[in-house]
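*Asks:* To start, I am sharing the structure in question, which I have written as structure tokens.
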Amino acid sequence: MHLLLVDGSTYIFRAYHALPPLNRKSDGLPVGCVQGFTNMIFKLTEDLKGEDAPTHMAVIFDHSARTFRDDIYADYKAQRPPPPEELVPQFPLTRAATRAFSILPIEMEGWEADDIIATYTTQALAAGGKVTIVSSDKDLMQLVDLDGRVRMLDTIPRPGQPPLRWIGPDEVMTKFGVTPDKVIEVQALCGDSVDNVPGVPGIGVKTAAELINTYGDLENLLAHAEEIKQPSRRQKLIENADLARISKQLVTLSKEVPLELELSALARVPMEPGKLIPFLKAMEFNAATKRLATLLEADPDAYEADPELAVKPVAPVGFDNAARAEARAARLAAEGRGDSPAVLHAAEVHETIKATPFDLAAYETISDAAGLERWIAAIYRQGYVAVDTETTGLDNQQADLVGISLSTQPGNGAYIPLAHATGADDMFGNGRAEGQMDIEVALALLRPVFADRSILKIFHNYKFDHGVLVRYGLEVNAIDDALLLSYALDGPQFNTMGELADHWLGHAGIPIKELLGSGKTQRTFAQIGIADATRYAGEDADITVRLWHILKARLVPENSTAIYETLERPLAPVLARMEARGISIDRQILARLSGDFAQRAAALEAEAHELAGEVFNLGSPKQLGDILFGKLGLPGGSKTKTGQWATGAGLLEELAERENVPLAKVIVAWRGVTKLKGTYTDALPAYINSRSNRVHTTYSQHSVLTGRLSSNDPNLQNIPIRTEDGRKIRSAFVAAPGKMLISADYSQIELRVLAHIADIQALKDAFEEGLDIHAMTASEMFKVPIEGMPSEVRRRAKAINFGIIYGISAFGLANQLGIPRSEAGDYIDTYFKRFPGIKDYMDHQRRLVKSQGYVTTIFGRRIRFPNANSSHQAERAFVERASINAPIQGSAADIIRRAMIRMEPALVQAGVHADMLLQVHDELIFEVDEGTEDEAMPVIAQVMEGAAEPAVRLTVPIQVDAHAAKNWDEAH
DNA sequence: GCAAGGACGTA
DNA sequence: GTACGTCCTTGCA
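Take the first sequence: its letter number 51 is residue 248 in our numbering, and every next letter is one higher.
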């Protein structure tokens, strides 16, 4: 007997890094590793002929689950990052490839592939056979034996080396300095940084081998540790004896895996064209199909592509209609959309999916475990699934889960009702509706699927579903998000699934209003009948999977892959966790303020009525305008675009000053107080979540043109700070008992980004020297020494600096500073003369936006302006200013996003516990245990300051200021 | 009950 | 002059 065991998982990972990426032509599915794997299996069968030919064969895979090693040592393989997303869909395909060659793929929950290999190896030896292990994993070297009955074979292609490299006792000796039977003793001492096996700190392979060759094994060495001459080595061994013993347990492969298949079941059977060719065709490996068909003396045309794996012929006309593809290519070329294969591919995917009709009646209601298990099996075959949750409300921190829908391909869908009540019309209702499986049973079945990093879960607005699912104990790994794909590609153009579906599929789907109604009679999803719910929810999952196919195909041709993969997708779970944490607010402070504001508002209101000589609604700009400019006949009134009198704060203040109108002052004061009361002190307490006693904002990751976040329900990005009253509100945001808040903010991030992008040496020098940037600007412009500079001069320079960032106009600057427009124009001219690069930068962005319709951040985020060539002068001017601002604001936004993505792992790495709670554009708020703030702050600042690297090396220093206190006002 | 407009809080 | 979200009034359904 000759048993050949292929270590499948290691090969896939090595192939992923070694081989160029390859995508299936028809749908862009990544298949590079599958192809590498298929070639490897084929070459093995070719190379191992005659004497070397195995009689038994299997491919062994790791099963993504914990193993006994996690129980021995919690940190085992803790450093291992999740597999790359491109690799994920390829896992099930490599199993399929194995079966296509008539070889059994073997994996077992709770066991690593290495353990299964060790057990089969032991059994084969006991049966008198020999074993070849196809792997280069050093952990398997312990199985090699001295008399050549167990050898390893490394087949990973390496330049300059033979294609097949046998690993026997000599090679093991080279690697570990000992015979194979002593490998685990050496590994126990030297550990393994990749798998996070600790070993004895400070002992490497060389020392370990020397010690083992002297003392024979670990136990004997430890028993004689006292005798070792070198003091530090002796001490390390004595101190870390237990660590070494644990390490040995970790590296020792189990030879007692309870195998499901006996050795005899692995007997080789010949390849069958009926299995192999349909697989190769489904993968669209055309050359391999021909070659293997010839080898097997089969007619490739006699077999169809495996329907389970092939791109589904979802459209009336398939992808392979040459005439149609050609016509399409011609049309696209004529439209100037280019003819790169990726562009054509994306267009084909879109057209095909768009042509697939919706059939709401086809969606399945899953009402029992057997039904769900069938769907889960389909999900594992597909490797990905679109998921949508239905809940009782829009607040994902409170809403109850009502059901979950799934779709694995355009046109299909299923709904698992979990908490529907009996009909809303039934006045005795609110019982549990019939035909639903137990929620715990359903979740138990779904839990491993959601956690499985080899199955991609596709959401639309993942953050919402995450907030619901984690509260039901589901962990979700490996996600894509159709809404974020859309945002990475098109910016905030589309906000809802309905808008996306309408635009891309020409089918908006059932509006939720149609099911729930609105106003007083509005129902929750739990009150919807299961049949209606299945149509609605199934459609949502179906739409999601369609959008995913269409949008994902556009990433590569539209240069948005990096933004999506490195900024958008990784940020979503970070934000989801911040939302779930919330922040504590002090109700008492707010209640006292509300009372205070109410009194002051009432007094101001009475005073205003007195001054106006009549009772009117102070909250009505219309009534106010009529009184000021009508009844009182004040001059200087201007009209808004709707013909109303304008009554903005700036205008009222001017009126108070110039015309000496006390009423104007009173109104401004009243507005200030009622604004704070209405928006903050009255409103915020209502947002306190009764379970957590904290306020949970929702961040929108897909709403802002420039790449910033926005915050809503409540908006925690506009908590007051500028006035005394405002800061009192801010002081109501507090650390939990025993905790502290840390606020870390970027200093002048946008001006620094401007200095970098526009390459303004004078600005860079100023930042390098740590100067007051506004004072420096003033000194340059007005020729005033920084020392003893009047505050008014600095204020003007500051307004100009901000103006530059906003795409300055003389009109705007004049307005801001209350100076004549001609004077503002002179300031701008002076600024351009002093900092000549600024004008170049501005002109450059103007040209870019007009020629290509978008500008970019330093990380390549595209910010689109479809109106760049508008026929309206005002609109054009607006786009010009926005296109000047967007790369600055957007690059700063990208920097803090990168910091947020890296923050949690960096804190873990540093051994600091800190919870990131809020982001306010250039500021991050954390909550830490009291007393740990001095450890946390440097780590936080370091991550933030280095966030652009290594993607971009900024040519200005980035500075972060961090402070800790019990409340947000004092921490800021 | 809903949308638009004005005003104003933040970076 | 950039980017947001929320509150309130108004006007129409």
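Glycine is no exception: its CB is placed at the ideal position from the N, C-alpha and C atoms.
In the DSSP assignment, what are the bridge partners of S897?
*Replies:* Bridge partners of S897: S907.
*Asks:* Could you pull the start and end residues of the alpha helix (DSSP H) that W363 belongs to?
*Replies:* Not the alpha helix (DSSP H): W363 falls in the beta strand (DSSP E), residues 362-364.
*Asks:* Please specify which runs of the alpha helix (DSSP H), each continuous and at least 4 residues long, are wholly inside the segment 651-695, giving them in chain order.
*Replies:* 659-668, 679-687
*Asks:* M305 lies in the alpha helix (DSSP H); which residues open and close that run?
*Replies:* Per DSSP, M305 lies in no alpha helix (DSSP H) segment and is marked neither H nor E.
*Asks:* Tell me the DSSP secondary structure of H1041 in three-state form.
*Replies:* helix
*Asks:* Do three or more CB pairs link the segment 1093-1106 to the segment 1060-1072 at distances below 8 Å?
*Replies:* no
*Asks:* Rounded to whole angstroms, what is the Cα-Cα separation between R668 and L948?
*Replies:* 42 Å
*Asks:* Excluding the five sequence neighbours on either side, which residues of its own chain have a C-beta within less than 6 Å of the C-beta of A512, listed in chain order?
*Replies:* Its pLDDT being 31, under 50, A512 is placed unreliably in this model, and the coordinates cannot settle the point.
*Asks:* Keeping to the same chain, check which residues put their C-beta closer than 7 Å to that of K819; ignore five residues upstream and five downstream.
*Replies:* Q841
*Asks:* According to DSSP, simplified to helix, strand and coil, what is L603?
*Replies:* strand
*Asks:* From the DSSP output, which residues share a beta bridge with S781?
*Replies:* V931
*Asks:* R362: which of C230, I330, P218, G1050 sits nearest, CA to CA?
*Replies:* Nearest neighbour of R362 by Cα position, chosen from C230, I330, P218, G1050, turns out to be I330.
*Asks:* Our contact map puts V231 next to M480 with C-beta atoms below 8 Å; I'd like the distance itself, whole angstroms only.
*Replies:* 6 Å
*Asks:* Hey, could you find the ends of the beta strand (DSSP E) P538 is sitting in?
*Replies:* That residue, P538, is in no beta strand (DSSP E); its alpha helix (DSSP H) goes 538-551.
*Asks:* Leaving out the 5 sequence neighbours to the left and right, which residues in its chain are closer than 7 Å to I573 when beta-carbon positions are compared?
*Replies:* L642, V646
*Asks:* Using three-state DSSP, classify F979 as helix, strand or coil.
*Replies:* helix
*Asks:* What's the call for K925, buried or exposed, on a 16-neighbour Cβ count within 10 Å?
*Replies:* buried
*Asks:* Taking only runs of the beta strand (DSSP E) that begin and end inside the segment 278-361, which ones reach a length of at least 3 residues, in chain order?
*Replies:* 301-303, 327-331, 347-351
*Asks:* Is G471 near the ligand SAM - that is, is its Cβ less than 7 Å away from at least one heavy atom of it?
*Replies:* Ligands in the displayed structure: none, and consequently the ligand SAM is not present.
*Asks:* For T562, count the other beta carbons within 10 Å of its own beta carbon; 16 or more makes it buried, fewer makes it exposed. Which is it?
*Replies:* By the neighbour-count rule (16 or more Cβ atoms within 10 Å), T562 is buried.
*Asks:* Would you mind stating whether A1133 and V1109 have Cβ atoms separated by less than 8 Å?
*Replies:* yes
*Asks:* Can you tell which of S564, G1087, P366, I353 has its C-alpha closest to the C-alpha of A639?
*Replies:* Ranking the options by Cα distance to A639, first place goes to S564.
*Asks:* Spatial neighbours of T721 within its chain, please: CB distance less than 6 Å, with the 5 preceding and 5 following residues excluded, ordered by chain position.
*Replies:* T589
*Asks:* Apply the 10 Å Cβ neighbour rule to A883 and answer buried if 16 or more other Cβ atoms are within range, or exposed otherwise.
*Replies:* Exposed.
*Asks:* I need the straight-line Cα distance from V812 to L821, nearest angstrom please.
*Replies:* 11 Å
*Asks:* Considering only residues of the same chain and omitting the five flanking positions on each side of V1177, which have a CB-CB separation below 8 Å?
*Replies:* Because the chain here runs from 198 to 1169, residue 1177 falls outside it and cannot be looked at.
*Asks:* Could you check the C-alpha separation between T207 and E762 for me, to the nearest Å?
*Replies:* Taking C-alpha positions only, T207 is separated from E762 by approximately 24 Å.
*Asks:* Going along the chain, which residues of its own chain have a beta-carbon closer than 6 Å to the beta-carbon of Q1013, five neighbours each way excluded?
*Replies:* A996
*Asks:* Quickly, what does DSSP pair R1061 with across the bridge? List them, please.
*Replies:* Y1051
*Asks:* Look at G388 and S444 and say whether their C-beta atoms are less than 8 Å apart.
*Replies:* One thing to note: G388 has its Cβ within 8 Å of the Cβ of S444.
*Asks:* Write down the C-beta distance between S940 and H1169 rounded to the nearest angstrom, noting that I regard them as a contact closer than 8 Å.
*Replies:* Taking a contact as a CB-CB distance under 8 Å, the pair S940 and H1169 counts as one, their CB atoms being some 5 Å apart.
*Asks:* So the beta strand (DSSP E) Q1070 belongs to, where does it begin and stop?
*Replies:* Careful: Q1070 lies outside any beta strand (DSSP E), inside the alpha helix (DSSP H) at 1070-1107.
*Asks:* Which first and last residues belong to the alpha helix (DSSP H) in which S940 is found?
*Replies:* Not the alpha helix (DSSP H): S940 falls in the beta strand (DSSP E), residues 936-943.
*Asks:* Can you tell me whether DSSP reads H260 as helix, strand or coil?
*Replies:* coil
*Asks:* Below 6 Å CB to CB, which residues in the same chain sit around Q1156 once its five sequence neighbours on both sides are set aside?
*Replies:* S944
*Asks:* Measure the alpha-carbon distance for R629 versus I613 and round it to whole angstroms.
*Replies:* 14 Å
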